[in-house]
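To start, the structure under review is shown below, and the notes come after it.
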Amino acid sequence: MIPRPFEYRFTVQLHDTDAAGRLFFAHLFRHAHDAYEALMREIGQPLPPMIAAQTLLLPLTHAEADYLQPMQHGERICVEVEVLELRQRAFSLGYRFLDAAGRLAARARTVHVQIALEPGSARSLAPELRAALEPHLAAAPTE
1 MIPRPFEYRF TVQLHDTDAA GRLFFAHLFR HAHDAYEALM REIGQPLPPM IAAQTLLLPL
61 THAEADYLQP MQHGERICVE VEVLELRQRA FSLGYRFLDA AGRLAARART VHVQIALEPG
121 SARSLAPELR AALEPHLAAA PTE
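Numbering (full-length UniProt numbering), first residue to last: 1 to 143.
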């Protein structure tokens, strides 16, 4: 069975937009991060307790986005989130921003590395985190 992407929905608010009434480019990453937090909560790995206890530290080491069509004030957007890659110390997430008609408006990718608090170097992904992310691993793309 092919895993379904995790879905996170939001409405483009006035404070999200630029002077033209379109989603300001940097706010795409805020919504991607909100979707990431919702995914982590859904898979039983909520970020607030991790951060408070400093048990798992997962800083971003890379972020990129492609903007394919404008997202307007008041528009409902569905963000599909998939795990693109699980590595020994890192994982990458892919985000697809779809408008109400299902058209791809933007896509983004983030890379997260697990680090140790002391001395702050990368370490292997915690087994419980890996196990929670694996069911959301995207199928390999076909050409």
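Where is the CB? At the ideal position from N, CA and C, for every residue including glycine. Since this is a predicted model, take the numbers as computed values, not measurements.
One Cα belongs to R30, the other to P127, and the distance between them is close to 28 Å.
Here D66 is bridged, per DSSP, to R107. Going by C-alpha positions, A53 is about 29 Å away from E64. Going by C-alpha positions, Q13 is about 15 Å away from V79. Here A139 is exposed, its C-beta having fewer than 16 other C-beta atoms within 10 Å. As computed with DSSP, A90 is found in a beta bridge with V113. Considering only A38, F91 and H15, the residue with the shortest C-alpha distance to E7 is A38.
A straight line joining the alpha-carbon of I43 with that of M71 spans about 28 Å. Here the alpha carbon of L133 sits roughly 17 Å from the alpha carbon of P49. DSSP, reduced to helix, strand and coil, places E118 outside both helices and strands of the structure shown, so it counts as coil.
In this structure, I77 and F97 form a Cβ contact; the two beta carbons are roughly 6 Å apart against a cut-off of 8 Å.
Counting other Cβ atoms within 10 Å of its Cβ, L104 stays below 16 and is therefore classed as exposed.
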